[in-house]
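Novice: Structure in structure tokens, see below.
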Amino acid sequence: MNLEGKIAVVTGVSKGIGLATVKALLDKGMQVAGWGRTAPELQHDNFHFFECDVRYNESVQRAFDQTIARLGVHISVLVNNAGMGVAALLEETSLDEWHTMFETNVNGIFYCTRLVLPGMKELEEGHVINISSIAGTTGVEGMSGYCGTKHAVRGISHSLYKEVRSYGVKVTCIYPGSVQTNFFDNIDQVIASDNMMRPEDIASTILHALESHPNYHHVDIEVRPLMPKGKIKK
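Here it is in structure tokens:
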């Protein structure tokens, strides 16, 4: 897809992968609508922030309506990046923590994607990027709730791409390993380090998928740090 001048929506833009993706899309000449609970520290003529909590359909609908009113009717790219995780054994996970993970990581994708698909199908061009996790391909002890949500993202993505591919719309699911973000702030067992991937690395992968030939479709992309524990000391 030629990205210049087209409209993208990115969720969870305050920092990390979301903010890095916004910057990468702006560099390609896109008009970018950032949906999030907190505005990032970013000033750019083509960046437009709309307050949005993807856990709530009403909030997503309002952000969508505001985006269409300001930028136009044809959204070409949606990056479903907003997400959160809690590390806890299943029986020690609170109801609020469980519900918040599923409302954010799963329901949020549904609320956002259902609104942009009709326009993409009408345009016969569009790309939905869903950020899952390595946790969406395997089980992780002490993170059953988070893994459950990311497995759901995988299932949604695999089903959806088959629903929309004949309309010229792509759906790509990305499974990052550890990334240097604030995701680990509330996970005592792991500390973000330079051995992890950078948010910019994930943004570059997103760009690669978006700019591919119209008939070339990345369905799944798994990315990991090369040396997650650093170089072996000789």
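Read in this note's numbering, the sequence shown has 1456 at position 185, and its numbers run on one by one without any break. We treat Cβ as the ideally placed atom computed from N, Cα and C, and that holds for glycine.
I need the DSSP call for Thr1443, collapsed to helix, strand or coil.
Specialist: Strand at Thr1443.
Novice: CA-CA distance, Asp1316 and Val1303?
Specialist: Between Asp1316 and Val1303, the C-alpha separation is close to 10 Å.
Novice: Just the C-alpha distance for Glu1363 and Arg1341, rounded to the nearest angstrom, thanks.
Specialist: C-alpha separation (whole angstroms): 45 Å.
Novice: Using only CA atoms, which one of Glu1275, Thr1292, Ile1278 lies nearest to Ile1475?
Specialist: Checking the displayed sequence, the identity of residue 1475 turns out to be Ser instead of Ile. Closest by alpha carbon: Thr1292.
Novice: Kindly indicate which three-state DSSP category Thr1282 falls into: helix, strand or coil?
Specialist: Strand.
Novice: Which residues in the same chain as Ile1400 place their Cβ atom closer than 6 Å to its Cβ, once the five residues preceding and following it in sequence are excluded?
Specialist: Answer for Ile1400: Val1350, Thr1443, Ile1477, listed in chain order.
Novice: Decide if Arg1326 is buried, meaning its Cβ has at least 16 other Cβ atoms within 10 Å, or exposed.
Specialist: So Arg1326 ends up on the buried side.
Novice: In the structure shown, what three-state DSSP assignment does Gln1512 receive?
Specialist: Lying before the first or after the last residue shown, residue 1512 is absent from the chain, which here runs from 1272 to 1505.
Novice: Closer than 8 Å, CB to CB, is Glu1471 near chain C or not?
Specialist: Absence of chain C from the displayed structure is noted, only one protein chain being present.
Novice: Count the other CB atoms, across all protein chains shown, that sit within 10 Å of the CB of Leu1360; report buried if there are 16 or more and exposed otherwise.
Specialist: Classification for Leu1360: exposed.
Novice: Could you tell me the boundaries of the beta strand (DSSP E) in which Leu1349 lies?
Specialist: Unbroken beta strand (DSSP E) run through Leu1349: 1346-1351.
Novice: What residue range does the alpha helix (DSSP H) around Ile1477 cover?
Specialist: Residues 1470-1481.
Novice: Since Phe1321 sits in a beta bridge, which residues does DSSP pair it with?
Specialist: In the DSSP output, where bridge partners are listed per residue, Phe1321 has Trp1306.
Novice: Assuming Gly1307 and Gly1289 form a contact by the criterion Cβ under 8 Å, report the distance between their Cβ atoms to the nearest whole angstrom.
Specialist: The pair is a contact, with the Cβ atoms about 7 Å apart (cut-off 8 Å).
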